[in-house]
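Visitor: Just remember that my numbering sits 3 ahead of the position in the sequence shown, which is counted from 1.
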Amino acid sequence: MSRENVEDLYPLTPLQQGLLFHTLYEPEAGVYVEQLSCLLRGRLDARAFERAWRQTIARHAVLRTAFVAKDLAEPLQAVLKSVKLLCAQEDWRVLPRAEQEERLTAYLEEDRRRGFDLSKAPLMRLALVRLADNEYRFVWTYHHLLLDGWCVPLVLREVFAFYEAAARGREVSLERHRPFRDYIAWLRRQDVSQAESFWRETLKGFDAPTPLGVDRAEGDLTKRSAGLDPYGEQKDSLSAETTSALQLLARRHQLTLNTLVQGAWALLLSRYSGQRDVIFGVTVSGRPAELAGVETMVGPFINTLPLRVRAEPREPLVLWLKRLQAQQVEMRQYEYSPLVEVQGWSDVPRGVPLFESLLVFENYPADASLFDLPEGLSVGEIRKIEKTNYPLTLLAGPAAELLLHLSYDRRRFADAVVSRVLGHLKTLLAAFASDPDARLGDLPLLAADERRQLIVGWNDTAREYPQGSATLHELFERQAAATPDASAVVCEDGELTYGELNARADRLAHRLRSLGVGPESRVGVLMERSAAMVVALLGALKAGGAYVPLEPAYPRERLAFMAEDARVKVLLAQQHLRVMVDGLGMRGCDMLYLDAAGQTGDGDGACATDIAENARAVVGGDNLAYVIYTSGSTGRPKGAMNTHAGVVNRLLWMQDEYRLTADDRVLQKTPCGFDVSVWEFFWPLITGASRAGAARRAQGCGLSHAPDRTQGNHDVALRPLDVASLPVGAGT
4 MSRENVEDLY PLTPLQQGLL FHTLYEPEAG VYVEQLSCLL RGRLDARAFE
54 RAWRQTIARH AVLRTAFVAK DLAEPLQAVL KSVKLLCAQE DWRVLPRAEQ
104 EERLTAYLEE DRRRGFDLSK APLMRLALVR LADNEYRFVW TYHHLLLDGW
154 CVPLVLREVF AFYEAAARGR EVSLERHRPF RDYIAWLRRQ DVSQAESFWR
204 ETLKGFDAPT PLGVDRAEGD LTKRSAGLDP YGEQKDSLSA ETTSALQLLA
254 RRHQLTLNTL VQGAWALLLS RYSGQRDVIF GVTVSGRPAE LAGVETMVGP
304 FINTLPLRVR AEPREPLVLW LKRLQAQQVE MRQYEYSPLV EVQGWSDVPR
354 GVPLFESLLV FENYPADASL FDLPEGLSVG EIRKIEKTNY PLTLLAGPAA
404 ELLLHLSYDR RRFADAVVSR VLGHLKTLLA AFASDPDARL GDLPLLAADE
454 RRQLIVGWND TAREYPQGSA TLHELFERQA AATPDASAVV CEDGELTYGE
504 LNARADRLAH RLRSLGVGPE SRVGVLMERS AAMVVALLGA LKAGGAYVPL
554 EPAYPRERLA FMAEDARVKV LLAQQHLRVM VDGLGMRGCD MLYLDAAGQT
604 GDGDGACATD IAENARAVVG GDNLAYVIYT SGSTGRPKGA MNTHAGVVNR
654 LLWMQDEYRL TADDRVLQKT PCGFDVSVWE FFWPLITGAS RAGAARRAQG
704 CGLSHAPDRT QGNHDVALRP LDVASLPVGA GT
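Take a look at the structure:
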């Protein structure tokens, strides 16, 4: 820009500084580039229309403003005396309607992607696309540094006032508005010390942004490289009936529609995050009442500030909404507070955003009332697109059907997730309208179909039992008969086929039967992770008993209590754990010590030809399969019992949902004292897969020490804690 063309220079508002920073930080993202488009019908004089825009720009210094920051300690805005407005004109009348729509979509996207060179005014441009003889698509693109939503109808009404005057061949006299510079002067006179006290008290104790609690999109980093817009938009609206009911609720209790939407968004964030104390951003008009003429001034007055909301489940809805509105009334006197300063007055660490979602409630409808059109022209299909730097922005606006518009960062949120967010918001607002006397905790979040899916669909885990008996060990026996030579167990100390495992378990079961084990008898299993442990578990079940896992790593007193409380009849232990067993002081209980092969060393008391007939005990689905003890964190450990029917139901459901095959290897890494170990042991053994045991003395979950003989597909279920326990480079 030439110095001769500079009319004025003055500082930026704090809001403008923030907008400038985010625009320069990510210039290709298109943040804060606003685009308003509409369909104009009637006889339009394109030259007069463009001239009307030039006259309007000449009246408002802010519309002739550029921004300079190079070599300056603080950026400035420069008002130019004259600017050259770009008004592109296209004629698409010869194109079919479908091709017009396709080209228009591409044109609008490309126009937004162009952005602006902030050092060159005006930071706005126009386009008129002629679609038919008396039909035009009008596009107005501008940067938020110049205008906020309040200004849009002010500018458009001036434009059409000039246009109508030109069409009628007369002059128009419009009221002079105060320049935006006057607001900046007012702003710099404000004492922020009171604002600082207010915000410090308001935000005290809040040290992290409210998590949004929704899933990230898969493949989020590929959106840009694929040439797709990383920012998405979804729109929905409430029914006219629900909107009318909300308006009635607002009038009856002296509330604003804005407060109702803010309340619904606060509850949504509270439910998603699991926190009763949440923060999100809200926009405020920022127009101080004490500044005369502020309501007709053109410029970016709007400000973004944090709104902290506490939502106690037992609080009545209407009382809570009234408190929320009173809170905003108090905040109004500090609307001028710079967000960057407010952030510094909070306990949230510098560099961490104070909030991650923004709610914008526009008090003007996006309809023909924006334009104040002259006779002979009509408007329709109004579209307004804007992007913020926040991951999730909700735009709501008054209409016969309340508009809800979510814009979001696809690198953070999947499209399907955002669609559900909109649905949940609509459900909450509908509940406000239908049940204003409800308490917050009773308001529904899920739509009827989601609730049905949650309660009925995802709980539809019933499975048909196989014909005949369906005990855990019988399902294993059927698999062993079908694939006797397939690998069943792989451990540090060896490998067993299905046939070998079945035979060893039968021999042990016969021995246990000879010691009086039968239905409902408890068999303690004190063993480290090994093939012998699998033999012991199956042997106890085949004998008709229920196994009681006793982790060698547990304290001696805990083991002794569990064995006594469970009334263990026989204790199975490994040879090298004899000293530990002796220290338990167990009485009235037989002891059997197994070697690495899972045998007792005395032939197990039967010849092989007797085993098939003698090892089978009469048990059914209602008989006990195991007793696993709780951690005892709230007192003494308690034995949780499960029957064969319960375990089989779980395993058949898992197989139906996730389907293991003979090519799969399932890592058994969970200590046998936890219930997850049950399916790790038995799911692969009833489906023909192989159970692979992690090293018995491995740290953490033992994944990095799993035996390398496990070839094929590997299935592992890990908790976050398990993953955290892996050494660097494990599994690579």
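All C-beta atoms, glycine included, are put in the ideal place defined by N, C-alpha and C.
#1: Do you know how far the Cα of residue 45 is from the Cα of residue 126?
#2: Going along the chain, which residues of its own chain have a beta-carbon closer than 8 Å to the beta-carbon of residue 225, five neighbours each way excluded?
#3: Would you mind giving the Cβ-Cβ distance between residue 166 and residue 43, rounded to the nearest angstrom? I have them listed as a contact below 8 Å.
#4: Mapping the DSSP letters down to three states, classify residue 141 as helix, strand or coil.
#5: Please list, in chain order, all residues of the same chain as residue 389 whose beta carbon is under 6 Å from its beta carbon, the five residues on each side excluded.
#6: Using only the alpha-carbon positions, how far apart do residue 362 and residue 265 sit?
#7: If distances are taken between C-alpha atoms only, which option among 644, 97, 485, 444 comes closest to residue 548?
#8: Need the endpoints of the beta strand (DSSP E) that residue 330 sits in, please.
#9: Going along the chain, which residues of its own chain have a beta-carbon closer than 7 Å to the beta-carbon of residue 559, five neighbours each way excluded?
#10: Quick check on the DSSP output: the beta strand (DSSP E) that includes residue 73 runs from which residue to which?
#11: Answer yes if the stretch 201-212 comes into contact with the stretch 75-95, meaning at least three C-beta pairs across the two stretches below 8 Å, and no otherwise.
#12: Between which residues of its own chain and residue 169 is the CB-CB distance below 6 Å, once the five residues before and five after are set aside?
#13: Given that a residue counts as buried once 16 or more other Cβ atoms are within 10 Å of its Cβ, and exposed if not, what is residue 706?
#14: Can you give the beta carbon distance from residue 624 to residue 603, rounded, assuming they're within the 8 Å contact cut?
#15: Alpha carbons only, please: which of 259, 268, 589 is nearest the one belonging to residue 570?
#16: Taking the alpha carbon of residue 452 as the point to measure from, which residue in 426, 467, 473 has its own alpha carbon closest?
#17: Count the other C-beta atoms from every protein chain shown that fall within 10 angstroms of the C-beta of residue 279, then say buried if there are 16 or more, exposed otherwise.
#18: From residue 9 to residue 83, what distance separates their C-alpha atoms?
#19: For residue 545, is the classification buried or exposed, using 16 other Cβ atoms within 10 angstroms of its Cβ as the cut-off for buried?
#20: Note down, one range per segment and in chain order, each beta strand (DSSP E) of at least 3 residues found wholly within the stretch 639-686.
#21: Starting from the C-beta of residue 436, find all residues in its chain whose C-beta is less than 7 Å away, skip the five residues before and the five after it, and write them out in chain order.
#22: Distance, Cα to Cα, residue 314 vs residue 446?
#23: Following the continuous alpha helix (DSSP H) through residue 170, name the residue where it begins and the one where it ends.
#24: Alpha carbon to alpha carbon, how far is residue 416 from residue 736? Give it in angstroms, no decimals.
#25: What is the residue span of the beta strand (DSSP E) that residue 552 lies within?
#26: Only counting runs of 3 or more residues, tell me where the beta strand (DSSP E) segments fall wholly within the stretch 534-584, in order along the chain.
#27: With H, G and I counted as helix, E and B as strand and the rest as coil, what does DSSP make of residue 129?
#28: Residue 517 lies in the alpha helix (DSSP H); which residues open and close that run?
#29: So for residue 183, helix, strand or coil by DSSP?
#30: Which same chain residues end up closer than 6 Å to residue 307 when comparing Cβ atoms and leaving out the 5 residues on each side of it in sequence?
#31: How about the stretch 309-324 and the stretch 73-82: do they share at least three Cβ pairs that are nearer than 8 Å?
#32: When the Cα atoms are used, what is the spatial distance from residue 96 to residue 360?
#33: Among residues of its own chain, excluding the 5 on either side of residue 22, which ones have a beta-carbon nearer than 7 Å to its beta-carbon?
#34: Does the Cβ-Cβ distance between residue 418 and residue 235 come in under 7 Å?
#35: How long is the line joining the alpha carbons of residue 344 and residue 196, rounded to whole angstroms?
#36: Which residues bound the beta strand (DSSP E) around residue 309?
Guide: In short:
#1: On the sequence shown, residue 126 is found 123 positions in, with the first residue counted as 1. On the sequence shown, residue 45 is found 42 positions in, with the first residue counted as 1. For residue 126 and residue 45, the distance between alpha carbons rounds to 29 Å.
#2: Translated into the one-based positions of the sequence shown, residue 225 becomes position 222. Low confidence applies here, because residue 225 scores a pLDDT of 46, under 50, leaving its location unreliable; read the following figure in that light. Nothing meets the Cβ criterion.
#3: One-based indexing of the sequence shown puts residue 166 at position 163. One-based indexing of the sequence shown puts residue 43 at position 40. So it is not a contact: roughly 11 Å between Cβ atoms.
#4: Locating residue 141 in the sequence shown gives position 138, where the first residue counts as 1. Secondary structure of residue 141 (DSSP, three-state): strand.
#5: Residue mapping note: residue 389 aligns to position 386 of the sequence shown, counting from 1. Excluding residues within five positions, the ones whose Cβ falls inside 6 Å are 37.
#6: Looking up residue 362 in the sequence shown gives position 359. Looking up residue 265 in the sequence shown gives position 262. Residue 362 and residue 265 have their C-alpha atoms some 7 Å from each other.
#7: Translated into the one-based positions of the sequence shown, residue 548 becomes position 545. Among 644, 97, 485, 444, the Cα nearest to that of residue 548 is on 644.
#8: Within the sequence shown, numbered from 1, the residue matching residue 330 stands at position 327. It is not in any beta strand (DSSP E) - residue 330 instead sits in the alpha helix (DSSP H) that spans 320-334.
#9: Against the sequence shown, residue 559 aligns to sequence position 556. Excluding sequence neighbours, residue 559 sits near 586, 587.
#10: Against the sequence shown, residue 73 aligns to sequence position 70. Under the DSSP assignment, residue 73 falls outside any beta strand (DSSP E); it carries neither an H nor an E label.
#11: Verdict: no, contact absent.
#12: On the sequence shown, residue 169 is found 166 positions in, with the first residue counted as 1. For residue 169, where only same-chain residues beyond five positions count, the Cβ hits under 6 Å are 51.
#13: By one-based count along the sequence shown, residue 706 stands at place 703. Only weak support exists for where residue 706 lies, its pLDDT of 46 falling under 50; the coordinates are left without a value.
#14: One-based indexing of the sequence shown puts residue 624 at position 621. One-based indexing of the sequence shown puts residue 603 at position 600. With 8 Å as the limit, residue 624 and residue 603 do not qualify as a contact, their Cβ atoms being about 29 Å apart.
#15: Indexing the sequence shown from 1 puts residue 570 at position 567. Ranking 259, 268, 589 by Cα distance to residue 570 puts 589 first.
#16: By one-based count along the sequence shown, residue 452 stands at place 449. Checked all of 426, 467, 473; the closest Cα to residue 452 is 426.
#17: Working through the sequence shown from its first residue, we reach residue 279 at position 276. That one is exposed.
#18: Along the sequence shown, one-based indexing puts residue 9 at 6. Along the sequence shown, one-based indexing puts residue 83 at 80. Those two C-alpha atoms are separated by around 5 Å.
#19: Working through the sequence shown from its first residue, we reach residue 545 at position 542. Burial call: buried.
#20: Counting whole runs of 3 or more residues, the stretch 639-686 contains the beta strand (DSSP E) stretches 642-646, 667-671.
#21: To locate residue 436, count along the sequence shown from 1; it is residue 433. Contacts found: 245, 248, 249, 252.
#22: For this step, residue 314 is matched to residue 311 along the sequence shown. For this step, residue 446 is matched to residue 443 along the sequence shown. In this structure, the CA atom of residue 314 is about 12 Å from the CA atom of residue 446.
#23: Here residue 170 corresponds to residue number 167 of the sequence shown, with the count starting at 1. It spans 154-171 - the alpha helix (DSSP H) in which residue 170 sits, taken as one unbroken run.
#24: Outside the modelled stretch of the chain, which goes from 4 to 735, sits residue 736, for which no answer is possible.
#25: Residue 552 sits at position 549 when you count from the first residue of the sequence shown. 549-552 is the span of the beta strand (DSSP E), which, as asked, contains residue 552.
#26: Correct list: 549-552, 571-577.
#27: For the purposes of this step, residue 129 is identified with residue 126 of the sequence shown, where counting begins at 1. Three-state result, residue 129: strand.
#28: Residue mapping note: residue 517 aligns to position 514 of the sequence shown, counting from 1. In the DSSP assignment, residue 517 falls within the unbroken alpha helix (DSSP H) covering 501-517.
#29: The residue you call residue 183 lines up with position 180 of the sequence shown. Looking at residue 183 - three-state DSSP - the assignment turns out to be helix.
#30: In the sequence shown, the residue the question calls residue 307 occupies position 304. Short of 6 Å from the beta carbon of residue 307, and not among the five residues preceding or following it, lie these beta carbons of its own chain, in chain order: 284, 286, 342.
#31: By the criterion of at least three beta-carbon pairs nearer than 8 Å, the stretch 309-324 is not in contact with the stretch 73-82.
#32: In the sequence shown, the residue the question calls residue 96 occupies position 93. In the sequence shown, the residue the question calls residue 360 occupies position 357. So the two alpha carbons sit approximately 42 Å from each other.
#33: In the sequence shown, counting from the first residue as 1, residue 22 sits at position 19. Excluding positions up to five away in sequence, the list reads 35, 147, 148.
#34: Counting from one through the sequence shown, the residue named residue 418 turns up at place 415. Counting from one through the sequence shown, the residue named residue 235 turns up at place 232. Contact flag set, yes.
#35: Here residue 344 refers to the residue found at position 341 of the sequence shown. Here residue 196 refers to the residue found at position 193 of the sequence shown. Each residue's alpha carbon lies about 11 Å from the other.
#36: Residue 309 sits at position 306 when you count from the first residue of the sequence shown. 306-313 is the extent of the beta strand (DSSP E) around residue 309.
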